[in-house]
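The letter at position 137 of the sequence shown is residue 611 when you use this note's numbering, and the numbering goes up by one with no holes.
Every residue, glycine too, gets a C-beta built ideally from N, C-alpha and C.
For clarity, every value in this text was computed on a predicted model and none was experimentally measured.
One structure is given below, encoded as structure tokens.
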Amino acid sequence: MTRPTRFRLCIMMFLEFFIWGAWFVTLGSYLAANLHASGAQTALAYSTQSWGAIIAPFIVGLVADRYFNAERLLGIIHIAGAILLYALSRARSFDAFYPCVFAYMILYMPTLALVNAISFRQMDEPARHFSGIRVWGTIGWIVAGLGVSYLFAWDSHAAIARGALRNTFLMCSIAS
475 MTRPTRFRLC
485 IMMFLEFFIW
495 GAWFVTLGSY
505 LAANLHASGA
515 QTALAYSTQS
525 WGAIIAPFIV
535 GLVADRYFNA
545 ERLLGIIHIA
555 GAILLYALSR
565 ARSFDAFYPC
575 VFAYMILYMP
585 TLALVNAISF
595 RQMDEPARHF
605 SGIRVWGTIG
615 WIVAGLGVSY
625 LFAWDSHAAI
635 ARGALRNTFL
645 MCSIAS
């Protein structure tokens with residue numbers, strides 16, 4: 475595997491998990507403080523991850539490699555996801571928020587398998603190279619959390635009250 479290929483795969487993994495880690499961890503705080511969601515509604519929003527993981531393979535599996543290659547499909551899904559993340563930042567009620575987060579998770583969950591498939595296809599020795607590439611996903615998740623908490627301080631009590639966690643969706647929309 476060439477250095478440029480390795481670099482691109484590391485960036486892909488970083489962004490894949492940066493996007494998820496930036497908003498998913500603080501979702502409960504955002505829903506409670508800004509959309510005044512109940513505990514049941516917050517649980518419902520978090521359950522979209524599971525529903526997305528169950529539903530998505532049926533939808534994406536029908537088009538992956540049959541009509542689009544994995545790279546193109548990943549790009550299309552992330553563009554659609556960026557639009558949904560923007561919509562999440564604009565939602566002013568849980569009733570407006572929930573359909574968008576549900577659709578987003580149906581789109582996002584198959585990207586986890588797609589980035590792995592793309593990575594494995596590019597490696598001449600996957601057993602040797604994958605861990606060094608996959609760790610960049612973990613780094614992306616950590617950097618997202620540090621950015622939200624320390625760089626931007628969007629999750630401080632005062633910032634949450636001002637609705638600053640809405641910015642996590644915008645940041646992820648741009649990164650997507």
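Residue interval of the alpha helix (DSSP H) (run including residue i)
| i | result |
| --- | --- |
| F481 | R477 to F498 |
| S652 | Lying outside 475 to 650, the shown extent of the chain, residue 652 is not represented and no answer is given. |
| A511 | Note, A511: premise wrong, no alpha helix (DSSP H); not H, not E. |
| S605 | P600 to L620 |
| S563 | A544 to R564 |
| D569 | F568 to Q596 |
Residue i and residue j closer than 8 Å at C-beta
| i | j | result |
| --- | --- | --- |
| W628 | V622 | yes |
| S650 | H510 | no |
| L483 | L548 | no |
| L639 | S503 | yes |
| M487 | A530 | no |
| L562 | F571 | yes |
| R480 | I607 | yes |
| A601 | G495 | no |
| F643 | L559 | yes |
| F491 | G611 | yes |
Nearest residue (CA-CA) to residue i, options the options
| i | options | result |
| --- | --- | --- |
| P573 | F542, Y624, A519 and V537 | A519 |
| L505 | G637, I648, L644 and M645 | G637 |
| S593 | M579, V609 and Y578 | V609 |
| A527 | Y578, I613 and V617 | Y578 |
| Q523 | G619, F576 and L558 | F576 |
| I485 | I634, G619, A633 and I613 | I613 |
| L501 | S521, S605 and F542 | S521 |
| R566 | A507, L489 and W497 | A507 |
| A591 | A554, N543, A632 and G555 | N543 |
Other residues of its chain near residue i: CB distance less than 6 Å, five sequence neighbours each side excluded
| i | result |
| --- | --- |
| V534 | P584 |
| F568 | L509, A511 and Q515 |
| A538 | L547 |
Residues of its chain near residue i, where Cβ-Cβ distance is below 7 Å and the 5 sequence neighbours each way are ignored
| i | result |
| --- | --- |
| I493 | C646, A649 and S650 |
Bridge-paired residues (DSSP) for residue i
| i | result |
| --- | --- |
| A635 | Bridge partners of A635: none, in fact. |
| A538 | F542 |
Close Cβ partners of residue i (< 8 Å) along its chain, the five nearest in sequence each way excluded
| i | result |
| --- | --- |
| Q596 | M475, T479 and L483 |
| N641 | S563, F626 and W628 |
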